[in-house]
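Enquirer: The structure's right below; bear with me while I get my questions together.
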Amino acid sequence: MSMFKTVRGMRDLLPKDAEKMRHAQQVARDLAVLYGYEEILTPVVESYELLAAKSGEEIRQRMYIFTDLGGRKVALRPEFTASVARLVATQLRNAPKPLKLFSVGSLYRYDEPQYGRSREFWQANYELMGSDKPEADAEILSITSHLLKELGLHNYCFKIGHVGILRGILNQEGIIEEQQNHIMQMLDKKRCEEALSTIKQFGASQQCVAVLKRIFETQGKAAFNILKKTEKTVQAYESGVVAVENLRQILMLATTSDKFETLIEPGFARGLEYYTGMIFEAYVPKLNSALCGGGRYDKLIELYGGEPTPAVGVAQGLDRIILAMEKQKTKLKIRKEKRTIVIPVSAEMKTNALKIASVLREAMIPTEIDIVGRSVSKALSDADRRKVSYAIIVGPEELKEGKIVLRNLTTREQQIIGIKNLVKDLKALD
Ligand code: HAM
0 MSMFKTVRGM
10 RDLLPKDAEK
20 MRHAQQVARD
30 LAVLYGYEEI
40 LTPVVESYEL
50 LAAKSGEEIR
60 QRMYIFTDLG
70 GRKVALRPEF
80 TASVARLVAT
90 QLRNAPKPLK
100 LFSVGSLYRY
110 DEPQYGRSRE
120 FWQANYELMG
130 SDKPEADAEI
140 LSITSHLLKE
150 LGLHNYCFKI
160 GHVGILRGIL
170 NQEGIIEEQQ
180 NHIMQMLDKK
190 RCEEALSTIK
200 QFGASQQCVA
210 VLKRIFETQG
220 KAAFNILKKT
230 EKTVQAYESG
240 VVAVENLRQI
250 LMLATTSDKF
260 ETLIEPGFAR
270 GLEYYTGMIF
280 EAYVPKLNSA
290 LCGGGRYDKL
300 IELYGGEPTP
310 AVGVAQGLDR
320 IILAMEKQKT
330 KLKIRKEKRT
340 IVIPVSAEMK
350 TNALKIASVL
360 REAMIPTEID
370 IVGRSVSKAL
380 SDADRRKVSY
390 AIIVGPEELK
400 EGKIVLRNLT
410 TREQQIIGIK
420 NLVKDLKALD
């Protein structure tokens, strides 16, 4: 037994799991094309300063940080948004807006491993840069719903809030951004009582505490009713009211083109610090952790030295989406390729078998060749076990007449057919 295993929090994806992951990635990529997002590939290693700038206390503490051999402080990316914002602040600074960028890849966070949480995980990520309109926020919600639907999930629900509500109130109370961030971290962890007493300590008025308390208690599925109620609650805070109205418009647009369940939670916060507007997460029943998360961040690109550029985006956690698909017993819509194996009956037939295999591969028919010199019966039973569809048995008798034996490994029927027509005949089979 080897002494080596994966590092804690890291996983191997064996063929079946890798196939699911590739499928989810492909569906995400197809949707990117459908909505006009262009794919970019950014490095896994970025400067620590870039990643730490607005990632929030929790992610900052969980980054894989190291010094490279050149003495630079670097980290493994815990998310894509910082890298995409860096690009828009630098190389894509003058690119015409809006810019729609898609990425898929692995991310790293030193989280405590548990069901649905590991230290290396995968996201599909969509960022829409250069629009502050509610249409942009609505599009990000729609893409996310479309992806979940396309992957066969049902009963998913979007938890939606707007950081402009809380920040608007806290700003008006004179609570500085750093203190606000601290409060948001507590709210992200559902520590509402602690958040309220901290807000008091920071010098917020009694009215403010009462308003926030009511906001934390407000949530519900009837979106427009909840928003009306929230608007009333925050009426003393001008920018809070503006935020509620913005969320109303976003929801109106998002729900006209698409039907998905929503849970409006005006006091909901996310761990990342860069959000300035609508925020959301997607859930399915019986899986406690979020499948996707996203929102609007209008100040990040400017913070990185770029032009002021409003932006909104989402990251879909592919590992958790796959877990949800398994929970809901979703059928994978993966087209199974017809696979073949060429088996020479003896060593003398090897070169002929190779020639036939290369003809089939040129015709794009997946073809293996027996490379361990097994007997025909052993090679056949092994191919059967691995669910190969057809075996092409190359023997001297048939070969003399330009023919081979074609065996259907499912029905076990076999026929002798001409090599000339092999590609055509194989393609005609189902
Ligand atoms: P996030 O909420 O930190 O947002 O992550 C998005 C998704 O990544 C989560 O909903 C979850 O499915 C998955 N995820 C996060 N951590 C883990 C983990 N340890 N194991 C498995 N899955 C995990 C962001 O990353 C933002 N960059 C989203 C965004 C894009 N906002 C604007 N643009």
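Mapping the sequence shown onto numbering that gives the first Met the number 0, position 363 (from 1) lands on 362, and the numbers just tick up by one. Cβ atoms here follow ideal geometry from the backbone N, Cα and C, with glycine treated the same way.
Could you tell me if the beta carbon of Gln327 falls within a distance shorter than 7 Å of some heavy atom in the ligand HAM?
Expert: As a working mapping, residue 327 is identified with position 328 in the sequence shown. Outside the cutoff, so no.
Enquirer: Please list, in chain order, all residues of the same chain as Met9 whose beta carbon is under 8 Å from its beta carbon, the five residues on each side excluded.
Expert: Position 10 of the sequence shown, counted from the start, is the residue given in the question as residue 9. Contacts found: Ser117, Arg118, Glu119.
Enquirer: With C-beta atoms as the reference, is Gly293 less than 8 Å away from Ala314?
Expert: Residue mapping note: residue 293 aligns to position 294 of the sequence shown, counting from 1. Residue mapping note: residue 314 aligns to position 315 of the sequence shown, counting from 1. Cβ distance < 8 Å, so Gly293 and Ala314 count as in contact.
Enquirer: My parser needs the beta strand (DSSP E) runs of 3 or more residues fully inside the segment 333-410; what are they?
Expert: 339-343, 366-368, 389-393, 402-407, all fully within the segment 333-410.
Enquirer: Give a yes or no on whether the C-beta atoms belonging to Ile278 and Val162 are separated by under 8 Å.
Expert: Taking the sequence shown and counting its residues from 1, the one referred to as residue 278 is at position 279. Taking the sequence shown and counting its residues from 1, the one referred to as residue 162 is at position 163. For Ile278 and Val162, yes; Cβs fall inside 8 Å.
Enquirer: What is the rounded straight-line gap between the Cα of Lys349 and the Cα of Met2?
Expert: Within the sequence shown, residue 349 is the residue found at index 350, counting from 1. Within the sequence shown, residue 2 is the residue found at index 3, counting from 1. Going by the C-alpha atoms only, they are around 39 Å apart.
Enquirer: For the alpha helix (DSSP H) holding Glu176, just list the boundary residues, first then last.
Expert: Here the question's residue 176 lines up with position 177 in the sequence shown. Glu176 -> alpha helix (DSSP H) spans 176-187.
Enquirer: Mapping the DSSP letters down to three states, classify Glu111 as helix, strand or coil.
Expert: By one-based count along the sequence shown, residue 111 stands at place 112. Coil, per DSSP.
Enquirer: Does the beta-carbon distance from Ile58 to Arg7 come in below 8 Å?
Expert: Along the sequence shown, one-based indexing puts residue 58 at 59. Along the sequence shown, one-based indexing puts residue 7 at 8. No, the pair does not count as a contact, with Cβ atoms beyond the cut-off.
Enquirer: Ordered along the chain, which non-local residues of its own chain (more than five positions away) have a Cβ less than 6 Å from that of Val241?
Expert: Counting from one through the sequence shown, the residue named residue 241 turns up at place 242. Answer for Val241: no residue qualifies.
Enquirer: Would the segment 42-50 and the segment 140-150 be scored as touching if the rule is three or more Cβ pairs under 8 Å?
Expert: Segments in contact, no.
Enquirer: May I ask you to check if the CB of Thr80 is nearer than 7 Å to at least one heavy atom of the ligand HAM?
Expert: Taking the first residue of the sequence shown as position 1, residue 80 is located at position 81. Answer for Thr80: yes, Cβ within range of the ligand HAM.
Enquirer: Could you tell me whether any non-hydrogen atom of the ligand HAM is closer than 7 Å to the CB of Phe120?
Expert: The residue you call residue 120 lines up with position 121 of the sequence shown. The answer is yes for Phe120.
Enquirer: When you compare the segment 326-333 with the segment 359-370, are there three or more beta-carbon pairs, one atom per stretch, that lie closer than 8 Å?
Expert: Touching, no.
Enquirer: The alpha helix (DSSP H) with Thr261 in it runs from where to where?
Expert: Here residue 261 refers to the residue found at position 262 of the sequence shown. From DSSP, Thr261 is part of no alpha helix (DSSP H) but of the beta strand (DSSP E) over 260-263.
Enquirer: Which residue or residues does DSSP assign as beta-bridge partners of Cys156?
Expert: Numbered from its first residue, the sequence shown carries residue 156 at position 157. Glu260, Tyr282, per the DSSP bridge assignment.
Enquirer: Could you check where the beta strand (DSSP E) with Gln315 kicks off and where it finishes?
Expert: Here the question's residue 315 lines up with position 316 in the sequence shown. First-last of the beta strand (DSSP E) with Gln315: 310-316.
Enquirer: Would Val32 be called buried (16 or more neighbouring beta carbons within 10 Å of its own) or exposed?
Expert: Looking up residue 32 in the sequence shown gives position 33. Val32 comes out exposed.
Enquirer: Quick one, are the C-beta atoms of Gln344 and Val393 less than 8 Å apart?
Expert: Numbered from its first residue, the sequence shown carries residue 344 at position 345. Numbered from its first residue, the sequence shown carries residue 393 at position 394. According to the sequence displayed, residue 344 carries Val and not Gln. Yes, the pair counts as a contact, with Cβ atoms nearer than the cut-off.
Enquirer: If you measure between the beta carbons of Ala17 and Ile320, is that distance less than 8 Å?
Expert: Taking the sequence shown and counting its residues from 1, the one referred to as residue 17 is at position 18. Taking the sequence shown and counting its residues from 1, the one referred to as residue 320 is at position 321. In this structure, Ile320 does not lie closer than 8 Å to Ala17 by Cβ.
Enquirer: Could you give the residue range of the alpha helix (DSSP H) that holds Val32?
Expert: As a first step, residue 32 is located in the sequence shown; it is residue number 33 there, counting from the start. Its alpha helix (DSSP H) spans residues 14-34.
Enquirer: Closest by CA to Thr255, which one among His181, Glu134, Arg21, Gly305?
Expert: Counting from 1 along the sequence shown, the entry for residue 255 is found at position 256. Nearest of His181, Glu134, Arg21, Gly305 to Thr255, Cα basis: Glu134.
Enquirer: Looking at Lys220 and Leu262, is the spacing between their C-beta atoms short of 8 Å?
Expert: As a first step, residue 262 must be located in the sequence shown, where it is residue number 263. As a first step, residue 220 must be located in the sequence shown, where it is residue number 221. Result yes, Cβ atoms of Leu262 and Lys220 sit closer than 8 Å.
Enquirer: Can the beta-carbon of Ala352 be found less than 8 Å from the beta-carbon of Ile333?
Expert: Translated into positions along the sequence shown, residue 352 becomes position 353. Translated into positions along the sequence shown, residue 333 becomes position 334. The answer is no: Cβ separation not under 8 Å.
Enquirer: CB Ser376 to CB Thr409, shorter than 8 Å?
Expert: Indexing the sequence shown from 1 puts residue 376 at position 377. Indexing the sequence shown from 1 puts residue 409 at position 410. Not in contact: Ser376 and Thr409 (Cβ atoms no closer than 8 Å).
Enquirer: At a cut-off of 7 Å, is Asn180 close to the ligand HAM when judged by its beta-carbon and the heavy atoms of the ligand?
Expert: For this step, residue 180 is matched to residue 181 along the sequence shown. It does not: the Cβ of Asn180 is nowhere closer than 7 Å to a heavy atom of the ligand HAM.
Enquirer: Which stretch, first to last residue, makes up the beta strand (DSSP E) that contains Phe65?
Expert: Reading the sequence shown from its first residue, position 66 is the one you call residue 65. Taken as a continuous stretch (DSSP letters only), the beta strand (DSSP E) holding Phe65 covers 64-66.
Enquirer: If I measure Cβ to Cβ from Lys419 and keep anything under 7 Å in the same chain, skipping five residues before and after, which residues do I get?
Expert: Stepping through the sequence shown from its first residue, residue 419 is reached at position 420. The answer, listed in chain order, is Gly401.
Enquirer: What is the DSSP secondary structure of Met324, reduced to helix, strand or coil?
Expert: Within the sequence shown, residue 324 is the residue found at index 325, counting from 1. Helix at Met324.
Enquirer: Grouping DSSP H, G and I as helix and E and B as strand, with all else coil, what is Ser102?
Expert: Numbered from its first residue, the sequence shown carries residue 102 at position 103. It is a strand residue.
Enquirer: Could you tell me whether the segment 88-96 touches the segment 298-309, where touching means 3 or more Cβ pairs closer than 8 Å?
Expert: Taking 8 Å as the limit for Cβ pairs, the verdict is that the segment 298-309 does touch the segment 88-96.
Enquirer: Under a three-way DSSP split, which group does Ile418 fall into?
Expert: Taking the first residue of the sequence shown as position 1, residue 418 is located at position 419. Reduced to three states, the DSSP call for Ile418 is coil.
Enquirer: Alpha carbon to alpha carbon, what distance is there between Ser102 and Phe79?
Expert: The residue you call residue 79 lines up with position 80 of the sequence shown. The residue you call residue 102 lines up with position 103 of the sequence shown. The straight-line gap from Cα to Cα measures roughly 8 Å.
Enquirer: On the DSSP letters alone, give me the boundaries of the alpha helix (DSSP H) that Asn124 sits inside.
Expert: As a working note, residue 124 is residue 125 in the sequence shown. Asn124 -> not in any alpha helix (DSSP H); beta strand (DSSP E) instead, spanning 119-128.
Enquirer: Using three-state DSSP, classify Ala52 as helix, strand or coil.
Expert: Your numbering for residue 52 matches position 53 in the sequence shown. It is coil, neither helix nor strand.
Enquirer: In the DSSP assignment, what are the bridge partners of Lys426?
Expert: Counting from 1 along the sequence shown, the entry for residue 426 is found at position 427. Beta-bridge pairing links Lys426 to no other residue.
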